[in-house]
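Residue numbers (my numbering): 58 to 320.
Ideal Cβ positions, reconstructed from N, Cα and C, are used throughout, including at glycine.
Following: one structure in structure tokens, then a few remarks.
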Ligand code: 3PY
Ligand code: MG
């Protein structure tokens with residue numbers, strides 16, 4: 058089976074730079090995959106993406122050096138299993154708040170006896186090779202999103218979940234829960250403490266620590282703090298930023314500043 062280079066990168070403590078796609082297009086997914094990202098995530102939760110688009114995006118990413126991932130719209134086994142069958146090499150699951158939810162998520166990503174993933178690997182066989190069913194349990198990356206106060210309180214129990222590879226912080230939702238406003242780079246003391254805590258607990262449990270960021274500079278700061286997996290903004294932010302900068306340059310002006318959430 059095609060190995061998952063993200064697992065090797067984490068073992069070797071190499072940073073993983075992950076692209077994030079909200080635009081439902083195989084073409085823009087292919088463009089993103091050729092820009093140097095280690096992985097590219099199809100965002101089914103907040104992206105404007107249905108399953109047919111996700112399939113063509115995963116196919117497009119597979120034709121690039123980047124590893125294809127998907128963020129599902131909820132902890133829903135049927136969607137998780139279908140995206141794995143479509144060739145996602147890892148799943149990012151939002152709003153994991155309890156160990157029970159983490160176990161349900163990981164079980165959907167693992168064939169029996171480790172989990173309850175139903176058999177029908179479809180496109181994953183084409184991308185991964187005939188022996189995909191024998192090795193998928195070790196190669197598929199599972200990241201649980203911590204973005205609620207409850208998730209933060211249950212962090213150790215969530216990290217104890219067998220087969221969970223790591224945590225991905227959703228800083229907009231987490232800051233909304235902790236401080237009352239969504240801000241991906243929030244400097245609120247409660248957010249700073251929460252982020253430090255996630256980093257510390259991931260270190261102790263030897264699990265990957267990831268976080269969504271709103272720029273390359275912010276992603277570099279997160280890597281320096283100790284994160285292994287960073288997303289330097291999504292395609293929508295990058296498109297908007299590039300357009301604003303080009304328009305401002307054409308007008309001889311400074312580009313307008315965007316909102317704290319990154320949008
Ligand atoms: C968040 O910041 O809450 C996210 O889910 C990132 O997409
Ligand atoms: Mg979120």
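Inspect the beta-carbon positions of residue i and residue j and report whether they are closer than 9 angstroms.
{"i": "residue 285", "j": "residue 223", "result": "yes"}
{"i": "residue 145", "j": "residue 106", "result": "no"}
{"i": "residue 111", "j": "residue 89", "result": "no"}
{"i": "residue 100", "j": "residue 63", "result": "no"}
{"i": "residue 227", "j": "residue 195", "result": "no"}
{"i": "residue 313", "j": "residue 230", "result": "no"}
{"i": "residue 59", "j": "residue 186", "result": "yes"}
{"i": "residue 277", "j": "residue 241", "result": "no"}
Taking only three categories from DSSP, how would you classify residue i?
{"i": "residue 176", "result": "coil"}
{"i": "residue 59", "result": "coil"}
{"i": "residue 205", "result": "coil"}
{"i": "residue 125", "result": "strand"}
{"i": "residue 267", "result": "strand"}
{"i": "residue 170", "result": "coil"}
{"i": "residue 198", "result": "strand"}
{"i": "residue 218", "result": "coil"}
{"i": "residue 297", "result": "helix"}
{"i": "residue 100", "result": "strand"}
In terms of alpha-carbon separation, which member of the options lies closest to residue i?
{"i": "residue 166", "options": "188, 135, 180, 153", "result": "135"}
{"i": "residue 148", "options": "61, 197, 173", "result": "197"}
{"i": "residue 69", "options": "313, 265, 278", "result": "265"}
{"i": "residue 169", "options": "98, 234, 193", "result": "193"}
{"i": "residue 138", "options": "178, 113, 76", "result": "178"}
{"i": "residue 225", "options": "103, 238, 295, 252", "result": "252"}
{"i": "residue 174", "options": "191, 273, 184, 115", "result": "191"}
{"i": "residue 120", "options": "183, 172, 153", "result": "183"}
{"i": "residue 72", "options": "296, 279, 297", "result": "279"}
Assuming residue i and residue j form a contact by the criterion Cβ under 8 angstroms, report the distance between their Cβ atoms to the nearest whole angstrom.
{"i": "residue 311", "j": "residue 303", "result": "Incorrect: roughly 13 angstroms between the Cβ atoms, too far for contact."}
Query - Touching by the beta-carbon criterion (3+ pairs, under 8 angstroms), the stretch 124 to 138 and the stretch 156 to 172 - result: yes
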